[in-house]
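In what follows, a single structure is set out as structure tokens and then discussed.
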Amino acid sequence: MEYMSTAEIREKYLSYFEAKGCKRWPSSSLIPDDPSLLLTSAGMVQFKPYFLQQKQLEAPYVGTTTAQKCVRTNDIDIIGTTGRHLSFFEMLGNFSFGAYFKKEMCAWAYEFSTEVLGLPAERLYFTVYLDDDETIEIWKDLGVPEDHISRLGEEDNFWRAGPTGPCGPCSEIYYDQGEEFGCGSPDCAPGCDCDRFLEYWNLVFTQYDGQEDGSFVPLPKKNIDTGMGLERIAAIMQGVQSNYETDVLRSLVGVGERLTGAVYGADADADLSLRIMADHSRSVTFMIADGILPSNEGRGYVLRRLLRRAARHGRMLGISRPFLVELVETVIQSSESAYPELREHDAYIKKVIGTEEANFARTIDAGMNILNNMIDGLEKAHEHLLKGLDVFKLNDTFGFPLDLTKEIAAEQGIEIDEEGFHAEMTKQKERARAERLKKNISGWSEDLFGTLTAEPTEFVGYDTLKSDSVVVALSDEETLTDAIATDEQAKEGVLVVLDKTPFYAEMGGQAADHGVITGAECVLRVQDVKKTPKGYYVHTCTLESGIVHVGDHLTARVDKEYRMAIARNHTATHLLQAALREVLGDHVHQAGSYQDASITHFDFTHFSAVTPEELVRVQKIVNDKIFESMNVTVKEMPIEEAKKLGARALFGEKYGKVVRVVDIEGWSTEFCGGTHVKNTAQIGGFKIVSESSVAAGRRRHGPGLLRAGAPPRLR
Ligand code: SER
Numbered sequence: 092m093e094y095m096s097t098a099e100i101r102e103k104y105l106s107y108f109e110a111k112g113c114k115r116w117p118s119s120s121l122i123p124d125d126p127s128l129l130l131t132s133a134g135m136v137q138f139k140p141y142f143l144q145q146k147q148l149e150a151p152y153v154g155t156t157t158a159q160k161c162v163r164t165n166d167i168d169i170i171g172t173t174g175r176h177l178s179f180f181e182m183l184g185n186f187s188f189g190a191y192f193k194k195e196m197c198a199w200a201y202e203f204s205t206e207v208l209g210l211p212a213e214r215l216y217f218t219v220y221l222d223d224d225e226t227i228e229i230w231k232d233l234g235v236p237e238d239h240i241s242r243l244g245e246e247d248n249f250w251r252a253g254p255t256g257p258c259g260p261c262s263e264i265y266y267d268q269g270e271e272f273g274c275g276s277p278d279c280a281p282g283c284d285c286d287r288f289l290e291y292w293n294l295v296f297t298q299y300d301g302q303e304d305g306s307f308v309p310l311p312k313k314n315i316d317t318g319m320g321l322e323r324i325a326a327i328m329q330g331v332q333s334n335y336e337t338d339v340l341r342s343l344v345g346v347g348e349r350l351t352g353a354v355y356g357a358d359a360d361a362d363l364s365l366r367i368m369a370d371h372s373r374s375v376t377f378m379i380a381d382g383i384l385p386s387n388e389g390r391g392y393v394l395r396r397l398l399r400r401a402a403r404h405g406r407m408l409g410i411s412r413p414f415l416v417e418l419v420e421t422v423i424q425s426s427e428s429a430y431p432e433l434r435e436h437d438a439y440i441k442k443v444i445g446t447e448e449a450n451f452a453r454t455i456d457a458g459m460n461i462l463n464n465m466i467d468g469l470e471k472a473h474e475h476l477l478k479g480l481d482v483f484k485l486n487d488t489f490g491f492p493l494d495l496t497k498e499i500a501a502e503q504g505i506e507i508d509e510e511g512f513h514a515e516m517t518k519q520k521e522r523a524r525a526e527r528l529k530k531n532i533s534g535w536s537e538d539l540f541g542t543l544t545a546e547p548t549e550f551v552g553y554d555t556l557k558s559d560s561v562v563v564a565l566s567d568e569e570t571l572t573d574a575i576a577t578d579e580q581a582k583e584g585v586l587v588v589l590d591k592t593p594f595y596a597e598m599g600g601q602a603a604d605h606g607v608i609t610g611a612e613c614v615l616r617v618q619d620v621k622k623t624p625k626g627y628y629v630h631t632c633t634l635e636s637g638i639v640h641v642g643d644h645l646t647a648r649v650d651k652e653y654r655m656a657i658a659r660n661h662t663a664t665h666l667l668q669a670a671l672r673e674v675l676g677d678h679v680h681q682a683g684s685y686q687d688a689s690i691t692h693f694d695f696t697h698f699s700a701v702t703p704e705e706l707v708r709v710q711k712i713v714n715d716k717i718f719e720s721m722n723v724t725v726k727e728m729p730i731e732e733a734k735k736l737g738a739r740a741l742f743g744e745k746y747g748k749v750v751r752v753v754d755i756e757g758w759s760t761e762f763c764g765g766t767h768v769k770n771t772a773q774i775g776g777f778k779i780v781s782e783s784s785v786a787a788g789r790r791r792h793g794p795g796l797l798r799a800g801a802p803p804r805l806r
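Quick note on the numbering used here: the sequence shown kicks off at 92 and runs consecutively.
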């Protein structure tokens with residue numbers, strides 16, 4: 092078998108399946124269009140709608156073939172300790188949606204392995220799912236001897252991307268690296284944890300749609316999803332012992348050697364650090380190129396953790412200056428031909444990484460001294476447990492994340508009291524909450540209504556702007572009370588909870604409604620509405636005249652013009668998001684938004700300033716959609732159905748089983764609880780008044796994000 096570079100293998104794979112009738116398809120973003128997944132972790136993720144027959148592949152193709160960038164971090168602590176595990180890897184795949192199936196796929200996999208790659212047939216081993224006799228027969232017909240085929244259970248040979256969605260039994264192909272790689276056990280066989288049998292290709296027979304209740308519904312057609320780990324097959328084709336010695340990763344290990352003076356293979360601890368630097372620099376580069384920014388939650392936290400881990404291992408090998416950008420340049424050079432987006436966003440990626448690394452350096456310098464002192468103290472006292480309070484102080488004062496303290500302590504044989512740490516965190520949250528409650532931004536404390544036992548307020552404002560309601564609770568912002576009256580003058584700060592209300596409470600970036608609540612004896616002007624955690628809608632009002640009692644029957648009326656002004660801005664925001672994606676690309680994701688009666692702000696992920704030409708195009712598209720007079724429809728539906736429609740959701744947002752979907756004739760479809768116009772023509776017109784980068788240091792968004800303010804002209 093001949094040496095093949097990573098790039099050659101990738102190209103041979105894609106052209107082989109192209110010749111079989113598959114359409115060559117680009118890798119999708121690492122941010123999946125699927126709120127159930129944090130990151131794209133397999134080639135099949137972007138094809139879920141095709142497996143579910145919600146989308147059809149155009150003729151004459153029989154399937155698709157991709158090289159997909161993937162990130163998997165479920166085993167982040169193992170990465171670096173073995174030669175096989177990577178946080179970032181490329182998956183070569185081919186996918187059939189009801190066209191070819193097992194027989195063709197196994198024959199092609201065999202032909203590609205033995206003839207295109209030239210792997211010796213006697214080194215190949217095949218596993219199948221327990222009762223899959225059919226696949227055993229297929230492998231045998233292709234000439235595979237019986238003792239090279241074995242059956243494995245669900246853990247190895249049944250594949251699913253997550254708890255639900257397309258899945259099925261699979262057959263895996265292994266390469267026997269030779270006895271010298273093995274564990275020596277007489278039971279050593281494909282599936283063993285040692286390095287002898289290396290699994291390089293997984294063929295999934297995607298036949299089922301896994302349901303939330305754990306059952307499997309057969310898919311209308313039988314499909315194929317295959318995945319070959321590019322770095323693993325490269326190791327085989329390059330005759331090296333681990334992924335880290337293949338061309339692409341070895342060049343990164345080489346940069347690490349140059350930066351630190353360490354020599355790969357000379358020392359186990361240094362090797363671990365060099366591997367972590369090489370692997371993590373790839374994942375962070377690709378993640379940032381796809382619009383992920385370091386943060387304290389979700390995928391942003393995964394990125395931050397990987398980046399900091401790489402930075403720390405460099406420091407452990409003696410580098411005292413920021414260095415990650417140098418690794419990033421090599422990542423870009425080695426992958427830019429297949430992933431041109433890397434070079435395209437080159438300066439941006441380096442800026443984000445440089446800023447995060449510099450921030451981290453400050454954290455680590457301050458925290459390391461303290462932590463080392465703590466560890467010294469423990470050693471002197473012959474103790475091995477770092478107190479929860481100490482771990483908490485490191486976190487609270489020096490921003491030392493729990494994972495980092497744990498990792499550093501473990502290196503010195505010290506354990507940390509995690510429970511104690513969490514207890515301190517809870518105490519701190521309670522302290523912060525108590526502070527907040529003393530005076531929250533709207534002037535009243537949520538706890539004021541914490542003792543109410545009435546049913547939560549029923550919101551009726553999607554269908555009507557007026558309701559006959561009963562007063563459930565009243566407060567003057569200090570205590571609950573049974574009645575409030577005006578003196579000589581109107582009384583401000585009167586809080587009213589109703590049994591039902593048409594008033595929209597400030598939520599999901601949309602400002603609250605204004606209006607009036609009136610009764611035989613009173614007039615209340617509503618200035619703000621908030622929903623408490625227990626579901627009470629608290630109307631902050633000015634009591635303009637009269638007296639109001641708990642139990643009064645009142646009429647609540649939303650100011651229609653004001654509501655419409657907010658609705659115009661909200662629907663315009665949906666158009667804006669769709670137009671931004673059309674003009675700038677699919678990496679655009681909502682990072683925050685706010686709409687009130689006069690303006691909409693929309694924060695989103697993008698790599699550079701939006702050019703004036705792009706802004707003009709975005710604005711024109713939104714106005715075109717307004718002039719096209721498109722219908723806006725709102726439907727409640729089960730979350731699964733909404734996903735099938737391709738509705739855009741906010742990642743990390745918890746959605747219930749039934750969701751509300753706002754659709755603009757299929758051009759824009761979003762999960763949304765807000766209030767909207769019925770037809771885009773009601774928006775009237777749209778103008779972008781400003782566009783800027785959100786200030787650096789604003790943690791929630793980080794550098795590089797943009798804000799577009801877009802106030803529709805109201806009349
Ligand atoms: N989805 C399967 C895997 O990730 C095959 O592509 O292994």
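Just so you know, even glycine gets a beta-carbon here, dropped at the ideal spot from N, CA and C.
Using a 10 Å radius around the Cβ and a threshold of 16 neighbouring Cβ atoms, would you call residue i buried or exposed?
i	result
S132	buried
D538	exposed
L384	buried
N460	exposed
N822	Outside the displayed span of the chain (92 to 806) sits residue 822, for which this structure offers no information.
A670	buried
A545	exposed
G391	buried
S699	exposed
Y627	buried
H811	Outside the shown range of the chain (92 to 806) lies residue 811, about which nothing can therefore be said.
P151	exposed
Less than 8 angstroms between the C-beta atoms of residue i and residue j, yes or no?
i	j	result
L321	L183	yes
Q268	R287	yes
I466	I505	yes
I575	V614	no
T760	V752	yes
A658	T766	yes
H371	S566	no
G259	L128	no
T205	S262	no
V295	D278	no
D437	S120	no
S333	R175	yes
G209	M92	yes
E447	L398	yes
V551	T592	yes
G86	L645	Because the chain here runs from 92 to 806, residue 86 falls outside it and cannot be looked at.
C632	V649	no
F491	T454	yes
Quick one: Cα of residue i to Cα of residue j, how far?
i	j	result
A687	G600	In the sequence on display, residue 687 carries Asp and not Ala. C-alpha separation (whole angstroms): 9 angstroms.
S425	V339	6 angstroms
A564	A514	35 angstroms
M721	T155	34 angstroms
S569	L543	According to the sequence provided, residue 569 is Glu. The question's Ser does not apply to it. Whole-angstrom Cα-Cα distance: 15 angstroms.
E336	D224	38 angstroms
C197	E228	11 angstroms
I367	N165	15 angstroms
R403	L666	43 angstroms
D559	L589	10 angstroms
R255	N314	This sequence places Thr at residue 255; Arg is not what is there. Cα to Cα, T255 sits roughly 16 angstroms from N314.
E303	N293	25 angstroms
C274	A449	43 angstroms
K497	Q519	20 angstroms
Next on the checklist: As an exercise, report each continuous alpha helix (DSSP H) stretch of at least 4 residues that is fully enclosed by the region 709 to 759, in chain order.
Outcome noted: 730 to 735
Item to check | Complete runs of the beta strand (DSSP E) confined to the region 566 to 624 [at least 3 residues] | outcome: 574 to 576, 582 to 589, 606 to 609, 613 to 622
Item to check | Heavy atoms of the ligand SER versus C-beta positions, residues under 6 angstroms | outcome: The filter returns A133, G134, M135, G184, W250, N293, V295, D316, T317, G318, in chain order.
Checklist entry - Considering only residues of the region 428 to 486, which uninterrupted alpha helix (DSSP H) runs meet the minimum length of 4 residues and lie entirely inside it, listed in chain order? => result Correct list: 432 to 435, 437 to 471.
Item to check | Runs of beta strand (DSSP E) lying entirely within the region 259 to 343, each at least 3 residues, in chain order | outcome: List check, beta strand (DSSP E) in window: 288 to 301, 307 to 320.
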